[in-house]
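Number of protein chains: 2
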Amino acid sequence: MAVQILIVDDHSVVRQGLRMFLSLDPDLQVIGEASNGDEGVQLARKLRPHVVLMDLLMPVMDGVTATAAIRRELPEVEVIALTSVLEDASVFGAIRAGAIGYLLKDTEAEDLCRAIKSAAAGQVQLSPQAAALLTREVRIPESPEKLTQREIEVLGLLAHGLANKEIARELGIGEKTVKTHVSNILSKLGVLSRTQAALYAIQSGLVAVPAA
Amino acid sequence: MAVQILIVDDHSVVRQGLRMFLSLDPDLQVIGEASNGDEGVQLARKLRPHVVLMDLLMPVMDGVTATAAIRRELPEVEVIALTSVLEDASVFGAIRAGAIGYLLKDTEAEDLCRAIKSAAAGQVQLSPQAAALLTREVRIPESPEKLTQREIEVLGLLAHGLANKEIARELGIGEKTVKTHVSNILSKLGVLSRTQAALYAIQSGLVAVPAA
DNA sequence: GTTTCCCTCAGTCTTTTGGTCGAGATGTTT
DNA sequence: AAACATCTCGACCAAAAGACTGAGGGAAAC
């Protein structure tokens, strides 16, 4: 029996392209499409596909959240994260959410088909780049590399939207020092910008998210 | 009877300074100190001060959250936000959370005493700068100035930590265009940086905060 | 048709951000 | 004493971010 696939992506172009790719393989069958995470979860519930191809960046509900929802509710459905951006946070988020694979959208049709079949069989399938990211971190397994007390303070202020200069004033130190701290924070958290660091701080509960 | 005051600030220096200032006025009496928001809420519950002087930027629990908690539970306790940074989000956050006043830390001792007495009497007391910010916004009362569809898309990606270049790639448009959108978003939201915009997006529920 | 709004993009400019390297001061551990 | 971590700050540099102005095209409303 063919592997039944659900495509979740907000770009109809991508969905069509995937349909084309996958239709070339008689062992694969696209049984549904969704244009956002919420829709994806509902369709997965209804169609019970073997594999979900999940874009990570989508409006309404992002792919990581949707992946987590699907895996929690339908553990027999495997999810492959299929995204255009190779970003640390996304990779780890997707894997943590229960994705069995993480592939970039520039993957060759052949490789993609092979990955889907592997996923249906429960085998992990990562793109080389994603695998590299993972191993790099796995070598430092349990460590988001602890931040120092001062760094946590800086991160807290940063996550309130303060600029380096304002953080410096608040802490009574030089702006240069703040920049050093911020650099170290980004490096330790494995993120690329202060905005990502702020998001990390919120996710990890370091700063409270005031109710809207 | 003297006005009973609870000081909540993470800097012991500030707490000491305030004690000094306030002890000069026989009508004022500091009955407690807390070094973070959580502690502040607990002490307010126990001591039932007339007025709480609340710093907004603190570890563990920030002042806005603490203010909201106190006002919800103990409506008879007035809270004055006392902070070193004059920042739009903080001002509105504090006022929304139920603070009766918003003063900068460079306020003169005299003015501070007067403000505390006014607050104890239930009268609103704002620093001139904060008042200016408020009136500027109040003139555009109910309008966070709605974002366009495209701007919401950009904000969504931005709130996932993407850089302008990545957003451009994701949306299939030029980086310059993204910068235009971001500029307009910042302007409409009344914030000063993309990080603040990302925080706004999370607070307003535009993007989901994945469980840690 | 005209106006208005939105999306698109260009150019120019300043400010901010972030990386890298080095270095002094302090305090702690071994 | 020596090694180590932390905090502080400096200089230099490249990249990103953001403000500002202007402008063309398309779509919808008047």
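Residue numbers (our numbering), protein chains in the order written: chain A, 1 to 212; chain B, 1001 to 1212. Here a beta-carbon is modelled for each residue, glycine too, at the ideal position from N, C-alpha and C. As the structure is a prediction and not an experimental result, all values here were calculated from the model.
| task | Give the interface partners of G174(A) over in chain B, defined as CB-CB distance under 9 Å, in chain order. | result | Think of a sphere of 9 Å around the beta carbon of G174(A): no beta carbon from chain B falls inside it, the nearest being about 16 Å out.
| request: Flag S183(A) as yes if its beta-carbon sits less than 9 Å from any beta-carbon of chain B, otherwise no. | output: no
| chain A contacts made by the region 1012-1044 of chain B, where a contact means CB separation under 8 Å | Listed by position, the residues of the region 1012-1044 of chain B near chain A (Cβ gap below 8 Å) amount to none.
| query | What separation, rounded to the nearest whole angstrom, lies between the Cα atoms of L157(A) and L1057(B)? | reply | Roughly 7 Å between the two C-alpha positions.
| Status (buried if at least 16 other CB within 10 Å, exposed otherwise) for V77(A) | buried
| query | Is A120(A) closer than 9 Å to V30(A) when the C-beta atoms are compared? | reply | Contact flag unset, no.
| request: Could you work out which residue in L1103(B), G1172(B), V1079(B), N1184(B) is closest to G1040(B) when comparing CA atoms only? | output: V1079(B)
| query | For E1076(B), which of helix, strand or coil comes out of DSSP? | reply | coil
| said: So G161(A) contacts chain B; which residues on that side make the cut at Cβ distance below 8 Å? | reply: For a Cβ distance threshold of 8 Å, residue set E1087, A1089, V1191, L1192, S1193, T1195, Q1196, L1199 of chain B lies close to G161(A), ordered along the chain.
| query | Who are the near neighbours of L1028(B) in its chain, counting only those whose CB is closer than 8 Å to its CB and skipping five residues on each side? | reply | Cβ neighbours of L1028(B) beyond the five flanking positions: A1002, V1003, I1005, L1022, C1113, I1116, K1117.
| message | Three Cβ pairs or more, each shorter than 8 Å: is that satisfied between the region 147-167 of chain A and the region 37-55 of chain A? | response | no
| field | 9 Å Cβ cut-off: residues of chain B touching E151(A) | value | The premise fails here: E151(A) is roughly 12 Å from chain B at the closest Cβ pair, so nothing lies under 9 Å.
| task | Go ahead and pull the three-state DSSP assignment for G1213(B). | result | A question about residue 1213(B) goes unanswered here, because the residues of chain B that appear run from 1001 up to 1212.
| said: Between the alpha carbons of E1110(B) and T67(A), how many angstroms are there, rounded? | reply: 58 Å
| For T1065(B) and V1014(B), the rounded distance between their alpha carbons | 20 Å
| said: Going by DSSP, what residue range makes up the beta strand (DSSP E) through I1185(B)? | reply: Careful: I1185(B) lies outside any beta strand (DSSP E), inside the alpha helix (DSSP H) at 1175-1189.
| query | By a C-beta neighbour count over all protein chains shown, 10 Å radius and 16 as the cutoff for buried, is Q196(A) buried or exposed? | reply | So Q196(A) counts as buried.
| field | First and last residue of the uninterrupted beta strand (DSSP E) at A1034(B) | value | Counting along the chain, A1034(B) sits inside the beta strand (DSSP E) bounded by residues 1028-1034.
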